[in-house]
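In my numbering, the protein residues as written are 14 to 276. Cβ atoms here follow ideal geometry from the backbone N, Cα and C, with glycine treated the same way. Note sheet for the following structure.
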Ligand SMILES: [Zn+2]
């Protein structure tokens, strides 16, 4: 058996009576699905590595042509399972892996992806859930997926968008200037204020999601900009994925419950 491939589990799905299909993102293979035989009966071979919030080494058996990988075993490299009691933290952590599983193409590994996931989980453990960290992660994954949104220039003509009247059009690639906005009519188009552009540009200036979290309390930005920035990126992500993201709906539900609680 090889030393194993560093990775994280994105999803597990029951298969037949006793098996699991495990969707992984690994350093050398990218996103793959592997069959873990007998994993519904006993997970001893997998030593806790089939859970969320675990970075593991996974022993994968090469499939015959056209067949799925086999997951033979795993060992934990790092874990962030102390987050398990933080409902919002777990929701953010789930969103992170759901985005990796939904936005990135299969079997196209990029080492930065695991670094970003680890940075997000570190950030959650060290400072708790952070909207700015999530936005930073969304921007990074959109970039990796080839859909980095235009923010400070028009996605259609390259012109300036900061002089007002701009919109965010997720199907046309992000910020659209006032004159190009006339033909932005698809669902999901929304006004884009210069202050929201400033907020998203400040997020984009941070490479590490954990560092972006200072923007949660940065007095230069109003909560309306944070909400508008979130809505713009989340709409773009959802359109690209083409179906609702379960973890995102859950985060929205938790947010609504918290607001009811506060009022
Ligand atoms: Zn334009």
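Report back the beta-carbon spacing between residue 96 and residue 21 to the nearest angstrom; my notes put them in contact at under 8 Å.
-> Working through the chain shown from its first residue, we reach residue 96 at position 83. Working through the chain shown from its first residue, we reach residue 21 at position 8. That pair is no contact at about 14 Å.
Cβ-based burial, residue 223 [other Cβ within 10 Å; buried from 16] = Taking the first residue of the chain shown as 1, we reach residue 223 at position 210. The residue is buried, with at least 16 neighbouring Cβ atoms inside 10 Å.
Can you list the residues near ligand 1, meaning Cβ strictly closer than 5 Å to any non-hydrogen atom, in the order they appear in the chain?
-> Qualifying residues, in the order they occur: 167, 169, 170, 172, 190, 193.
Enumerate in chain order the residues of its own chain whose CB-to-CB distance from residue 40 is below 8 Å, with the five nearest sequence positions on each side excluded.
-> Here residue 40 refers to the residue found at position 27 of the chain shown. 18, 19, 20, 122, 124, 127, listed in sequence order.
Where the alpha helix (DSSP H) containing residue 248 begins and where it ends = Taking the first residue of the chain shown as position 1, residue 248 is located at position 235. For residue 248, the uninterrupted alpha helix (DSSP H) segment begins and ends at 236 to 254.
Go ahead and pull the three-state DSSP assignment for residue 18.
-> As a working note, residue 18 is residue 5 in the chain shown. For residue 18, the secondary structure class from DSSP, reduced to helix, strand or coil, is strand.
Using the C-alpha atoms, what's the distance from residue 202 back to residue 274?
-> Residue mapping note: residue 274 aligns to position 261 of the chain shown, counting from 1. Residue mapping note: residue 202 aligns to position 189 of the chain shown, counting from 1. In this structure, the alpha-carbon of residue 274 lies about 31 Å from that of residue 202.
To the nearest angstrom, how far is it from the Cα of residue 56 to the Cα of residue 220?
-> Here residue 56 corresponds to residue number 43 of the chain shown, with the count starting at 1. Here residue 220 corresponds to residue number 207 of the chain shown, with the count starting at 1. So the alpha carbons of these two residues sit roughly 36 Å apart.
Thinking C-alpha only, which one of 207, 191, 155, 263 is nearest residue 249?
-> Working through the chain shown from its first residue, we reach residue 249 at position 236. Of 207, 191, 155, 263, the residue nearest in Cα terms is 155.
What did DSSP end up calling residue 200 once you bin it into helix, strand or coil?
-> Residue numbering aside, residue 200 sits at position 187 when the chain shown is read from its first letter. Residue 200: coil per DSSP, three-state reduction.
Sequence-distant residues of the same chain with beta carbon closer than 6 Å to residue 174, five excluded per side | The residue given as residue 174 occupies position 161 in the chain shown. By the criterion of a C-beta distance shorter than 6 Å, residue 174 is surrounded in its chain by 167, 188, 190, once the five residues flanking it on both sides are discounted.
For residue 46 and residue 79, the rounded distance between their alpha carbons = Along the chain shown, one-based indexing puts residue 79 at 66. Along the chain shown, one-based indexing puts residue 46 at 33. Taking the straight line from one Cα to the other gives about 12 Å.
For residue 231, count neighbouring Cβ atoms within 10 angstroms of its own Cβ and tell me buried if that reaches 16, exposed if not.
-> What you label residue 231 is simply residue 218 of the chain shown in a count that begins at 1. Its Cβ having fewer than 16 others within 10 Å, residue 231 is exposed.
Alpha helix (DSSP H) runs contained entirely in the stretch 78 to 164, provided each spans 4 or more residues = Whole alpha helix (DSSP H) segments, 4+ residues: 100 to 116, 124 to 140, 144 to 157.
Taking the alpha-carbon positions, what's the residue 208 to residue 241 distance?
-> Taking the first residue of the chain shown as position 1, residue 208 is located at position 195. Taking the first residue of the chain shown as position 1, residue 241 is located at position 228. Their backbone Cα atoms lie some 10 Å apart in a straight line.
Residue range of the beta strand (DSSP E) that residue 39 falls in?
-> Here residue 39 is taken as the residue at index 26 of the chain shown, counted from 1. The continuous beta strand (DSSP E) containing residue 39 extends over residues 32 to 39.
Cβ-based burial, residue 192 [other Cβ within 10 Å; buried from 16] | On the chain shown, position 179 is the one that residue 192 refers to. So residue 192 counts as exposed.
With distances taken Cα to Cα, identify the nearest neighbour of residue 113 among 101, 133, 102.
-> By 1-based counting over the chain shown, the position of residue 113 is 100. Selected option, being the one with the closest Cα: 133.
With a threshold of 16 other CB atoms inside 10 Å of the CB of residue 87, please say whether the residue is buried or exposed.
-> The residue labelled residue 87 in the question sits at position 74 within the chain shown. So residue 87 counts as buried.
Under 7 Å between C-beta atoms of residue 148 and residue 246 = Taking the first residue of the chain shown as position 1, residue 148 is located at position 135. Taking the first residue of the chain shown as position 1, residue 246 is located at position 233. Their beta carbons are under 7 Å apart, which means residue 148 touches residue 246 by this criterion.
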